[in-house]
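In what follows, a single structure is set out as structure tokens and then discussed.
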Amino acid sequence: MGCDIHVMVEKRSKENGEWETYCKGNEAFWLYLGDDYNLFAIFADVRNGYGFAGCDTGDGFIPIAGQRGVPADASDNYLEYVKKWRLSGHSHSYLTVAELQHFDWEGQKTKHRGYLSQKNYALFKQTGERRRVSDDIGGPSIRKVPNEIMDEILNGELEVEEGIYCYTQIEWEETYKESCSYFVDEDLPELVKIAKDYKCSTEDIRLVFFFDN
Numbered sequence: 031m032g033c034d035i036h037v038m039v040e041k042r043s044k045e046n047g048e049w050e051t052y053c054k055g056n057e058a059f060w061l062y063l064g065d066d067y068n069l070f071a072i073f074a075d076v077r078n079g080y081g082f083a084g085c086d087t088g089d090g091f092i093p094i095a096g097q098r099g100v101p102a103d104a105s106d107n108y109l110e111y112v113k114k115w116r117l118s119g120h121s122h123s124y125l126t127v128a129e130l131q132h133f134d135w136e137g138q139k140t141k142h143r144g145y146l147s148q149k150n151y152a153l154f155k156q157t158g159e160r161r162r163v164s165d166d167i168g169g170p171s172i173r174k175v176p177n178e179i180m181d182e183i184l185n186g187e188l189e190v191e192e193g194i195y196c197y198t199q200i201e202w203e204e205t206y207k208e209s210c211s212y213f214v215d216e217d218l219p220e221l222v223k224i225a226k227d228y229k230c231s232t233e234d235i236r237l238v239f240f241f242d243n
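Below you can see the structure in the form of structure tokens.
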């Protein structure tokens, strides 16, 4: 089962210090983050090192913070939205843009794991390119084999029975930034720009969010 994130951007009022919905035009600004499970793990320890049905996806990440819950001072718009989702929403939390800015994206590393087909494993061995990595794989015609066995298949030392498809798990290391490059390179600068345009500190812009399955 997939997991989605719902993210509203809030700003702190200069008049009374209360948090209110940040709007683009007349609409509340919802930040679209897709299904980036690496980011979910860093934001709130969600899907951290595991995928659907608990499959192993790597060593995981050290989150920016634990799940802080729904902030009591959240904007009315957000509180109403949370109420609408009721028990379907989970792992509620929030982060300021300052926290996102100051997080050590480049200094921390983690190891990821996933499965490659015989063809894509050969490509990975030749070029380092990871194409169509699967968190897990299964089926009556699927065989999971160690890297050493897959190497023997590629070298022609082992023959695979017709109709059988072999997959092997690989492991690779990335910085946190490399693991969430679009957010760090595109979304975070946009959030910092909101603070600049609003003429406030990045402490005064925050993301309030929760997840659903």
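Take 31 as the starting number for the sequence shown in our numbering and just add one per residue. The C-beta atom is built at its ideal place from N, Cα and C for all residues, glycine as well. Given the structure is predicted, the values throughout are model-derived calculations rather than measurements.
- About 16 Å separates the beta carbons of C33 and F213, which is beyond the 8 Å limit, so they are not a contact pair.
- Its Cα nearest to that of I172, the residue E192 stands out among R160, L153, E192.
- Taking all protein chains shown into account, A104 has 16 or more neighbouring C-beta atoms within 10 Å of its C-beta and is therefore buried.
- Contact between the stretch 232-240 and the stretch 32-51 is present: 3 or more CB-CB pairs across the two stretches fall below 8 Å.
- DSSP links L146 through a beta bridge to T198.
- Under a 10 Å Cβ-count criterion, W115 is classified as exposed, with fewer than 16 other Cβ atoms of the shown protein chains found around its own Cβ.
- Closest option to L63, judged by alpha-carbon separation, among A225, C85, L218, K229: L218.
- The alpha-carbon of F70 is positioned some 8 Å away from that of I35.
- Following the DSSP letters along the chain, one finds F73 inside the alpha helix (DSSP H) bounded by residues 67-74.
- Its chain contains P93 as the residues whose beta carbon lies nearer than 6 Å to that of D75, once the 5 sequence neighbours on both sides are disregarded; these appear in chain order.
- In this structure, the alpha-carbon of E129 lies about 51 Å from that of V190.
- Taking a C-beta distance under 8 Å as the contact criterion, T140 and G88 qualify as a contact pair.
- Look at W49 here: in three-state DSSP terms it is strand.
- A contact is defined here as three or more CB-CB pairs under 8 Å, and the stretch 143-162 meets this definition with respect to the stretch 193-210.
- F239 sits away from S164, with the two beta carbons spaced by 8 Å or more.
- Under the DSSP definition of a beta bridge, K41 partners with E50, I235.
- Sequence-distant partners of Q97 (beyond 5 residues in either direction) whose C-beta falls short of 7 Å from its own C-beta, in its chain, are A74, D75, S121, H122, S123.
- DSSP places L63 in no beta strand (DSSP E); its state is neither H nor E.
- Annotation: K226 to Q131 spans about 13 Å, alpha carbon to alpha carbon.
- Within the DSSP bridge table, the entry for D34 names D242 as partners.
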